[in-house]
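In my numbering, the protein residues as written are 0 to 480.
No residue lacks a Cβ here, since even glycine has one placed at the ideal position from N, Cα and C.
Worksheet: one structure, shown below.
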RNA sequence: CGGGGCGUAGCGCAGUUUGGUAGCGCACAUGGUUUGGGACCAUGGGGCCGCAGGUUCGAAUCCUGUCGCCCCGACCA
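So this is what it looks like as structure tokens:
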């Protein structure tokens, strides 16, 4: 008996024992993903995909609110098109997959499987845009992209992944910069208020800038093993692509001008962030706003099954249009087994209804985030559930925020920086001189990189923590996924 | 792509050293007793032992190749 309990506990490897194994256990045992037979590719199973769909809905709503429209561009990009922007192609060349044959015929020109769609979209924009009245063009695409990475990890780095990529064209630098920052803020809002993941907004260093961009901004999150994750990026592309792809418009002053462009994206990597930020030794913990199932009802069988069944049916019917709710009426599983299963899957609220509750006119609710059990009078059920889901959402954010605060340190000098990065784990705030040599030195000696230069700057000292020269700005150092 | 580890039932593993026709636990199916935190009994189904060659009378086991997975580096969302 006791032995069996231990076997179960071992079903998911504890985080502290082996974080990587914990991560794999969680995603495989909750049936979010499966491995496919293709290297570095994964199958997203319905439970994982449902989470992605909910994320899509929330993001899409925000994109529409900011005036964007969805469109779709081809998967294949002719080699000549990709090669037009030199820095861009050099950045992506090592990880591009090529199609060389169509049927048995060798192609005259190789086709690249898109690693990102800047080039093919720009080639269209040059036709679409003639006058300043055509601007801005605010397009988004939901699609898959392929990057032939050397090492892969489910959700965090896969050969093929799903994402959205926004591509916009503007009249001038100010409009483009405004758009770039607006979308970064959309991502930050989404991460914090929907996924309950606190993020640090900032600008990427020159070294970490997107290939072909003028400036790159990112939101960075901290995973529960102390490693950072770039959760979303927004790029001001400047006029680079416009000049290469000849995207010109006639302005109101009758001058021919190049457009200013932006691009921005988030991917299924966000799912990995949700798992690693919120998950615990019992498994997943889904933020209520995107949880595939927000509430699961577990009926507790009575002597008279009809008694409980009719109650559960009535309850389900009254709530089904208001919440993502599921009744687990499977035969052959005992309630305790179901409790554990749904906890592993991260469902925020579990309702138990048994003969005792029906007698008392109440429902038992259990919170996934705190484990707390609450007895809710039947007539207050709906409003209490709204409140409960909101509380859980808020509490998960607060906990993640506390973790971020607890694992963010200040490095005044190089010794402190090394100690933080190598021993304490987490994020290290430090002043730097802005010289790339310091950035490279830290990376080579500690493995940590500059995640970004936060918008919210603090004054931590007068000199660069790496070389001691006068400071330029504060950055965040961390090891990252 | 370099170094290391591993592919045997859905999952976790034993069997490989010393070749002899595949096993355990969980899960699954059926029947019964159960059911408020992972129940129990009985019966049963499921395997090209990652894949392809080779050695051998005979290969999960030995040899060669290949594909995939995991960890640590390097590279990247």
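Beta-carbon gap between residue i and residue j smaller than 7 Å
{"i": "residue 159", "j": "residue 40", "result": "yes"}
{"i": "residue 115", "j": "residue 144", "result": "yes"}
{"i": "residue 140", "j": "residue 70", "result": "yes"}
{"i": "residue 243", "j": "residue 83", "result": "yes"}
{"i": "residue 198", "j": "residue 220", "result": "yes"}
{"i": "residue 473", "j": "residue 428", "result": "yes"}
{"i": "residue 301", "j": "residue 354", "result": "yes"}
{"i": "residue 329", "j": "residue 341", "result": "no"}
{"i": "residue 446", "j": "residue 411", "result": "no"}
{"i": "residue 395", "j": "residue 286", "result": "yes"}
{"i": "residue 372", "j": "residue 283", "result": "no"}
{"i": "residue 274", "j": "residue 25", "result": "yes"}
{"i": "residue 196", "j": "residue 276", "result": "yes"}
{"i": "residue 122", "j": "residue 246", "result": "no"}
{"i": "residue 204", "j": "residue 235", "result": "no"}
{"i": "residue 76", "j": "residue 118", "result": "yes"}
{"i": "residue 270", "j": "residue 50", "result": "yes"}
Candidates the options, of which the one nearest residue i by Cα
{"i": "residue 231", "options": "273, 187, 239 and 257", "result": "187"}
{"i": "residue 173", "options": "165, 237, 203 and 151", "result": "237"}
{"i": "residue 93", "options": "117, 104, 112 and 103", "result": "112"}
{"i": "residue 278", "options": "312, 368 and 364", "result": "368"}
{"i": "residue 480", "options": "11, 19, 468 and 13", "result": "19"}
{"i": "residue 364", "options": "294, 305 and 406", "result": "294"}
{"i": "residue 107", "options": "379, 79, 218 and 35", "result": "79"}
{"i": "residue 426", "options": "409, 307, 356 and 432", "result": "409"}
{"i": "residue 292", "options": "250, 89 and 319", "result": "319"}
{"i": "residue 222", "options": "402, 10 and 444", "result": "402"}
{"i": "residue 366", "options": "296, 257, 74 and 450", "result": "296"}
{"i": "residue 206", "options": "146, 441, 463 and 462", "result": "441"}
{"i": "residue 256", "options": "208, 386, 171 and 311", "result": "171"}
{"i": "residue 448", "options": "424, 311 and 68", "result": "424"}
{"i": "residue 88", "options": "466, 146, 105 and 431", "result": "146"}
Three-way DSSP call (helix, strand, coil) for residue i in this model
{"i": "residue 55", "result": "helix"}
{"i": "residue 166", "result": "strand"}
{"i": "residue 306", "result": "helix"}
{"i": "residue 455", "result": "coil"}
{"i": "residue 147", "result": "coil"}
{"i": "residue 6", "result": "At residue 6, the pLDDT of 43 sits below 50, so the modelled position is not reliable; the number obtained from the coordinates is stated separately. Helix at residue 6."}
{"i": "residue 406", "result": "coil"}
{"i": "residue 202", "result": "strand"}
{"i": "residue 242", "result": "helix"}
{"i": "residue 100", "result": "strand"}
{"i": "residue 312", "result": "helix"}
{"i": "residue 87", "result": "helix"}
{"i": "residue 367", "result": "coil"}
{"i": "residue 414", "result": "helix"}
{"i": "residue 276", "result": "helix"}
{"i": "residue 77", "result": "strand"}
{"i": "residue 154", "result": "coil"}
{"i": "residue 216", "result": "strand"}
{"i": "residue 357", "result": "helix"}
Exposure label - residue i; buried when at least 16 CB within 10 Å
{"i": "residue 485", "result": "The chain is shown only over 0 to 480; residue 485 falls outside these bounds and no answer can be derived."}
{"i": "residue 327", "result": "buried"}
{"i": "residue 6", "result": "Its pLDDT being 43, under 50, residue 6 is placed unreliably by the model, and the measurement read from it follows with that caveat. By the neighbour-count rule (16 or more Cβ atoms within 10 Å), residue 6 is not buried but exposed."}
{"i": "residue 316", "result": "exposed"}
{"i": "residue 298", "result": "buried"}
{"i": "residue 439", "result": "exposed"}
{"i": "residue 127", "result": "exposed"}
{"i": "residue 166", "result": "buried"}
{"i": "residue 233", "result": "buried"}
{"i": "residue 456", "result": "exposed"}
{"i": "residue 331", "result": "exposed"}
{"i": "residue 468", "result": "exposed"}
{"i": "residue 229", "result": "buried"}
{"i": "residue 511", "result": "In this structure the chain extends from 0 to 480, so residue 511 is not present and cannot be described."}
{"i": "residue 100", "result": "exposed"}
{"i": "residue 266", "result": "buried"}
{"i": "residue 33", "result": "exposed"}
{"i": "residue 214", "result": "buried"}
{"i": "residue 103", "result": "exposed"}
Whole-angstrom C-beta distance between residue j and residue i, which should lie under 8 Å
{"i": "residue 391", "j": "residue 334", "result": "With a Cβ gap of about 21 Å, residue 391 and residue 334 do not count as contacting."}
{"i": "residue 30", "j": "residue 46", "result": "5 Å"}
{"i": "residue 57", "j": "residue 400", "result": "At roughly 20 Å, the Cβ-Cβ gap does not stay under 8 Å, so residue 57 and residue 400 are not in contact."}
{"i": "residue 478", "j": "residue 420", "result": "6 Å"}
{"i": "residue 240", "j": "residue 264", "result": "Not a contact, Cβ separation roughly 15 Å."}
{"i": "residue 216", "j": "residue 249", "result": "The Cβ separation is near 30 Å, so there is no contact."}
{"i": "residue 357", "j": "residue 307", "result": "7 Å"}
{"i": "residue 464", "j": "residue 413", "result": "6 Å"}
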